[in-house]
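K.L.:
Residue 139 in the UniProt record's numbering sits at position 139 of the sequence shown; the count goes up by one each step and never skips.
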Amino acid sequence: MSLVDTYGRRINYLRLSVTDRCNLRCSYCMPEEGVEKLSHCEMLSYEDLLRISAEAVAAGIEKIRVTGGEPLVRKGIVDFLGRLAALPGLKELVLTTNGLLLKEMAQGLRDAGVQRLNVSLDSLKPETFAAITRGGDLQRVLDGLDEAERVGFPPHKINVVVMRGVNDDEILDFVALTLKRPYAVRFIEYMPTCGDADWRDLTVPGAEIRERIAREYTIEESTNSERSGPSKNFRVQGAPGSLGIITAMTGHFCDGCNRLRVTASGVAKGCLFSGTGVDLKPVLATGDDELLRKEIRRIVAAKPGRHEVTDEGVETKPFAMSRVGG
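So, in structure tokens, the structure goes:
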């Protein structure tokens, strides 16, 4: 079976948030004071998250990415991931993390069946990393990457949100990382999720990022897999690692969007920037899994053709990325 929206896009990728909580306060993700946390009764149980996942896979989802907040801070996450990995028909289970708890949890994640990790890492400089994350310890993340590699995870994807005047001076440092390690570094354009009026000043266009790299290195194109995200991928000639650029602001990739999102509170969204979503809790409360599957199909059918964030005169309502799974 497959999920196809009204624009002919095949939707085969679910981003599943399991918590809104995080052990960092990244500047592009939430306000410095944090956000009001969901109460336990507002947050979906693991049973409900598993039901949504099972019906999504039965409807045509092939890849699930578990996100947060920071998913590793939720109690019982490893057991849940093991149950998720066992779903019949699921082809790919991956997890996005900030890496702070990886050193302690890498073996358990691998044993549970997580196939790959995406690690958010916006700076290789301890001071800059601490400033962006408001207190994060870079060395803990680097140690976590090493441990995850040691226990058998394939080369990690490293997500870098590029911000002008903050960390854009490190673009070539991250490129150099791919010359030494087989990491897949993804440069992500800064997005105005927190409602900041000067977001355009912080955004470094993907074309500029690529141009800076091409001035120093010979690069060659590479292709995406069917279930991959919206990154435009390439590599430095001869490098074991790869590079990618996600142009969320300057280059709409909406035509090829293949994803559906479900928040930790059970709100399903066809687009990150959708102002509203569909609350799945009433459907879950019926206990009718067939009805749940139909609702997932209906949400996919209503998926918008594109976001309008960069359109003239459009104002984006602020939201914390930790609330919608990044």
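Ideal Cβ positions, reconstructed from N, Cα and C, are used throughout, including at glycine.
All figures in this text were calculated on a predicted structure; none of them were measured in a lab.
One question on the structure: do Val162 and Glu216 come within less than 9 Å of each other, judged by their Cβ atoms?
P.N.:
Within the sequence shown, numbered from 1, the residue matching residue 162 stands at position 162. Within the sequence shown, numbered from 1, the residue matching residue 216 stands at position 216. Not a contact, by the Cβ cut-off of 9 Å.
K.L.:
Which class does Arg200 belong to by DSSP, given the choice of helix, strand or coil?
P.N.:
Taking the sequence shown and counting its residues from 1, the one referred to as residue 200 is at position 200. Arg200 falls in the helix class under three-state DSSP.
K.L.:
If you follow the beta strand (DSSP E) that Glu62 is in, where does it begin and where does it stop?
P.N.:
Position 62 of the sequence shown holds residue 62. Unbroken run through Glu62: none, as it is neither H nor E.
K.L.:
Kindly provide the ranges of any alpha helix (DSSP H) runs that are 4 or more residues long and lie completely inside the stretch 143-220, ordered along the chain.
P.N.:
Listed in chain order, the complete alpha helix (DSSP H) runs (minimum 4 residues) inside the stretch 143-220 are 171-180, 199-202 and 206-216.
K.L.:
Less than 9 Å between the beta carbons of Ile171 and Leu121, yes or no?
P.N.:
On the sequence shown, position 171 is the one that residue 171 refers to. On the sequence shown, position 121 is the one that residue 121 refers to. Not closer than 9 Å, so no.
K.L.:
Rounded C-beta distance between Glu127 and Leu292? I'm assuming under 8 Å.
P.N.:
Along the sequence shown, one-based indexing puts residue 127 at 127. Along the sequence shown, one-based indexing puts residue 292 at 292. At roughly 47 Å, the Cβ-Cβ gap does not stay under 8 Å, so Glu127 and Leu292 are not in contact.
K.L.:
Could you tell me which uninterrupted beta strand (DSSP E) segments, each at least 3 residues in length, are contained entirely in the stretch 65-135, listed from first to last along the chain?
P.N.:
Here the runs fully enclosed are 92-97 and 116-120.
K.L.:
When burial is assigned at 16 or more other CB atoms within 10 Å of the CB, is Tyr7 buried or exposed?
P.N.:
Start at 1 with the first residue of the sequence shown, and residue 7 comes out as number 7. With fewer than 16 other Cβ atoms within 10 Å, it is exposed.
K.L.:
If you draw a straight line from the alpha carbon of Gly99 to that of Arg298, how long is it in whole angstroms?
P.N.:
Here residue 99 refers to the residue found at position 99 when the sequence shown is read from its first residue. Here residue 298 refers to the residue found at position 298 when the sequence shown is read from its first residue. About 35 Å.
K.L.:
Are the beta-carbon atoms of Gly244 and Pro155 separated by less than 9 Å?
P.N.:
Stepping through the sequence shown from its first residue, residue 244 is reached at position 244. Stepping through the sequence shown from its first residue, residue 155 is reached at position 155. Contact flag unset, no.
K.L.:
In three-state DSSP terms, what is Lys37?
P.N.:
Indexing the sequence shown from 1 puts residue 37 at position 37. Three-state result, Lys37: coil.
K.L.:
Quick one: give me the first and last residue of the alpha helix (DSSP H) that Val283 is part of.
P.N.:
Walking along the sequence shown from the start, residue 283 turns up at place 283. Run containing Val283: Lys281 to Thr286, per the alpha helix (DSSP H) assignment.
K.L.:
Could you check if Gly89 is buried or exposed, using at least 16 other CB atoms within 10 Å of its CB as the buried criterion?
P.N.:
Locating residue 89 in the sequence shown gives position 89, counting from the first residue. Flag for Gly89 reads exposed.
K.L.:
By the three-class DSSP mapping on this structure, what secondary structure does Gly256 have?
P.N.:
For the purposes of this step, residue 256 is identified with residue 256 of the sequence shown, where counting begins at 1. The answer is helix: DSSP assigns Gly256 an H, G or I state.
K.L.:
Classify Ser242 as helix, strand or coil using the three-state DSSP reduction.
P.N.:
Counted from its first residue, the sequence shown places residue 242 at position 242. If DSSP states are grouped into helix, strand and coil, Ser242 belongs with the strands.
K.L.:
Could you check how far apart the C-beta atoms of Leu72 and Met105 are, in whole angstroms? I think they sit under 8 Å.
P.N.:
Here residue 72 is taken as the residue at index 72 of the sequence shown, counted from 1. Here residue 105 is taken as the residue at index 105 of the sequence shown, counted from 1. With 8 Å as the limit, Leu72 and Met105 qualify as a contact, their Cβ atoms being about 6 Å apart.
K.L.:
Candidates Ser265, Leu272 and Gly270: which alpha carbon is nearest Lys281's?
P.N.:
If you number the sequence shown from 1, residue 281 lands on position 281. When only C-alpha atoms are compared, the closest one is Ser265.
K.L.:
Take Arg164 as the anchor and find which of Pro182, Gly152 and Phe187 has the nearest alpha-carbon.
P.N.:
Stepping through the sequence shown from its first residue, residue 164 is reached at position 164. Considering only alpha carbons, the answer is Phe187.
K.L.:
Can you name the residues that DSSP bridges to Val267?
P.N.:
Translated into positions along the sequence shown, residue 267 becomes position 267. Asp279, per the DSSP bridge assignment.
K.L.:
Can the beta-carbon of Arg210 be found less than 9 Å from the beta-carbon of Phe234?
P.N.:
Here residue 210 refers to the residue found at position 210 when the sequence shown is read from its first residue. Here residue 234 refers to the residue found at position 234 when the sequence shown is read from its first residue. Against a cut-off of 9 Å, the Cβ pair of Phe234 and Arg210 comes out as a contact.
K.L.:
Taking a contact to mean a Cβ-Cβ separation below 9 Å, would you say Gly60 touches Leu3 in this structure?
P.N.:
Reading the sequence shown from its first residue, position 60 is the one you call residue 60. Reading the sequence shown from its first residue, position 3 is the one you call residue 3. Yes, these two residues count as a Cβ contact at 9 Å.
K.L.:
Quick one: residues in its chain with C-beta nearer than 8 Å to the C-beta of Leu124, no 5 flanking neighbours on either side, listed in chain order?
P.N.:
To locate residue 124, count along the sequence shown from 1; it is residue 124. Answer for Leu124: Leu138, Glu170, Asp173, Phe174 and Leu177, listed in chain order.
K.L.:
To the nearest whole angstrom, what separates the beta carbons of Arg21 and Gly69, a pair I think is in contact under 8 Å?
P.N.:
Working through the sequence shown from its first residue, we reach residue 21 at position 21. Working through the sequence shown from its first residue, we reach residue 69 at position 69. At roughly 5 Å, the Cβ-Cβ gap stays under 8 Å, so Arg21 and Gly69 are in contact.
K.L.:
On the DSSP letters alone, give me the boundaries of the beta strand (DSSP E) that Val18 sits inside.
P.N.:
As a first step, residue 18 is located in the sequence shown; it is residue number 18 there, counting from the start. Unbroken run through Val18: none, as it is neither H nor E.
K.L.:
With a threshold of 6 Å on Cβ separation, who are the neighbours of Val78 within its own chain once the five nearest residues in sequence on each side are excluded?
P.N.:
Here the question's residue 78 lines up with position 78 in the sequence shown. Closer than 6 Å at Cβ, skipping near neighbours: Gly108 and Ala112.
K.L.:
Which class does Lys232 belong to by DSSP, given the choice of helix, strand or coil?
P.N.:
Along the sequence shown, read from residue 1 onward, the residue named residue 232 stands at position 232. The answer is strand: DSSP assigns Lys232 an E or B state.
K.L.:
Measure the alpha-carbon distance for Gly144 versus Asn118 and round it to whole angstroms.
P.N.:
Here the question's residue 144 lines up with position 144 in the sequence shown. Here the question's residue 118 lines up with position 118 in the sequence shown. Their Cα atoms are separated by approximately 12 Å.
K.L.:
Got a sec? Which residues, its chain only, sit under 8 Å from Arg110 by beta carbon, not counting five neighbours each side?
P.N.:
As a position in the sequence shown, residue 110 is number 110, starting the count at 1. Hits under 8 Å: Ala148, Val151, Gly152 and Phe153.
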